[in-house]
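Undergrad:
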Amino acid sequence: DGGITQSPKYLFRKEGQNVTLSCEQNLNHDAMYWYRQDPGQGLRLIYYSQIVNDFQKGDIAEGYSVSREKKESFPLTVTSAQKNPTAFYLCASSVIGQAKGYGYTFGSGTRLTVV
Amino acid sequence: QKEVEQDPGPLSVPEGAIVSLNCTYSNSAFQYFMWYRQYSRKGPELLMYTYSSGNKEDGRFTAQVDKSSKYISLFIRDSQPSDSATYLCAMNDYKLSFGAGTTVTVRA
Chain A
180 DGGITQSPKY
190 LFRKEGQNVT
200 LSCEQNLNHD
210 AMYWYRQDPG
220 QGLRLIYYSQ
230 IVNDFQKGDI
240 AEGYSVSREK
250 KESFPLTVTS
260 AQKNPTAFYL
270 CASSVIGQAK
280 GYGYTFGSGT
290 RLTVV
Chain B
360 QKEVEQDPGP
370 LSVPEGAIVS
380 LNCTYSNSAF
390 QYFMWYRQYS
400 RKGPELLMYT
410 YSSGNKEDGR
420 FTAQVDKSSK
430 YISLFIRDSQ
440 PSDSATYLCA
450 MNDYKLSFGA
460 GTTVTVRA
């Protein structure tokens, strides 16, 4: 079955530590996205990529980094510069010029907690 | 001011009631309007989409878009406990913008 796989499901980070969230898709989608979800704030865009080896900052990119070395993969690193990283992180993908009604396909999310 | 405004609720209704959800937006460039359903600890899934103004019906769900008022709605008829979830509106120009999500509980 085609879909998006995010791992791990739960992640704990110590203060000052970098952590990387994995996102893999087998939908042959060109575009991939990372969102952060906090209670009462909806989904906020962190980074997105429409093609391999290229990506753009979203609305809240500070303290995060990404790479897009393969079409199928779009890992997100939460760096120590991100002061409030505890949140639910969602990866999504879409066809280019997408939202012609198709919307995004989301993964199941990673819940990151700072301990 | 946020591009998309959605009352986060929560909203609690008895089984069989009509659930009414809505969003307002400020960007007149939005053309595609969607509703996502998100169960607890899961990723959102596309429920319905509408292009431009008008109504769209799918089973117990009806989506309405009024571009002149910059207002979209989702109605759930004969609500079931399995409809208990967070519902997010989304709309786009070159990327999707999401509302905050409304948490709905349908009581058996």
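Read top to bottom, the protein sequences are chains A and B. Heads up: the first sequence begins at 180 in the numbering used here, then just goes up one per residue. Heads up: the second sequence begins at 360 in the numbering used here, then just goes up one per residue. Just so you know, even glycine gets a beta-carbon here, dropped at the ideal spot from N, CA and C.
(1) Could you please give the first and the last residue of the uninterrupted beta strand (DSSP E) stretch that includes B/Gln423?
(2) Return the CA-CA distance between A/Lys249 and A/Val231, expressed in angstroms with no decimal places.
(3) Apply the 10 Å Cβ neighbour rule to B/Ile377 and answer buried if 16 or more other Cβ atoms are within range, or exposed otherwise.
(4) Among residues of its own chain, excluding the 5 on either side of A/Glu251, which ones have a beta-carbon nearer than 8 Å to its beta-carbon?
(5) Which same chain residues, not among the five before or five after B/Thr464, have their C-beta less than 8 Å away from its C-beta?
(6) Can you list the residues of chain A that B/Tyr398 reaches, using a CB-CB cut of under 9 Å?
(7) For A/Gly181, I'd like the list of residues in its chain whose CB is within less than 7 Å of its CB, leaving aside the five on either flank, ordered along the chain.
(8) Enumerated in chain order, which unbroken segments of the alpha helix (DSSP H) with a length of 4 residues or greater are wholly contained in the region 196 to 245 of chain A?
(9) Since A/Val293 contacts A/Glu194 with CB under 8 Å, what's their CB separation in whole angstroms?
(10) Can you tell me the Cα-Cα spacing of B/Gly418 and A/Ser186, whole angstroms?
(11) Report yes or no: is there a C-beta of chain B within less than 8 Å of the C-beta of A/Tyr268?
(12) Given B/Phe457, which residues of its chain have a CB within under 6 Å of its CB, disregarding the five upstream and five downstream residues?
(13) How would you call A/Thr199, buried or exposed, if buried means at least 16 neighbouring beta carbons within 10 angstroms?
(14) Suppose you measure from the CA of B/Ser387 to the CA of B/Glu362; what does that come to, to the nearest Å?
(15) Assign B/Ser427 to one of two classes, buried (16 or more other C-beta atoms within 10 Å of its C-beta) or exposed (fewer than that).
(16) DSSP state of A/Ser273, grouped into three classes?
(17) At a Cβ threshold of 8 Å, is A/Ser246 touching chain B?
(18) Got a sec: is the Cβ-Cβ distance from A/Gln220 to anything in chain B below 8 Å?
(19) Using a Cβ-Cβ distance cut-off of 8 Å, determine whether A/Tyr243 contacts chain B.
TA: Looking at the atomic coordinates:
(1) Bounds of the beta strand (DSSP E) holding B/Gln423 are 420 to 425.
(2) Rounded to the nearest angstrom, the two C-alpha atoms are 6 Å apart.
(3) With fewer than 16 other Cβ atoms within 10 Å, it is exposed.
(4) If we look at A/Glu251 and ignore the five residues flanking it on each side, its Cβ neighbours are Glu203, Gln204, Asn205.
(5) Excluding residues within five positions, the ones whose Cβ falls inside 8 Å are Pro369, Leu370, Ser371, Val372, Ser443.
(6) Within chain A, no C-beta atom comes nearer than 9 Å to that of B/Tyr398; the closest sits roughly 10 Å away.
(7) For A/Gly181, where only same-chain residues beyond five positions count, the Cβ hits under 7 Å are Asn205, Leu206.
(8) If only uninterrupted alpha helix (DSSP H) runs of at least 4 residues are considered, none is enclosed by the region 196 to 245 of chain A.
(9) That pair is a contact at about 7 Å.
(10) Within the model, the alpha-carbon separation for B/Gly418 versus A/Ser186 is close to 34 Å.
(11) No, no contact with chain B.
(12) Once the five neighbours on either side are set aside, the close Cβ partners of B/Phe457 are Leu447, Ala449.
(13) It is exposed - the Cβ of A/Thr199 has fewer than 16 other Cβ atoms within 10 Å.
(14) B/Ser387 and B/Glu362 have their C-alpha atoms roughly 10 Å apart.
(15) B/Ser427 is exposed by the Cβ-count criterion.
(16) Strand, per DSSP.
(17) Contact of A/Ser246 with chain B is not assigned, every C-beta pair being separated by 8 Å or more.
(18) Judged by the 8 Å Cβ criterion, A/Gln220 is in contact with chain B.
(19) Judged by the 8 Å Cβ criterion, A/Tyr243 is not in contact with chain B.
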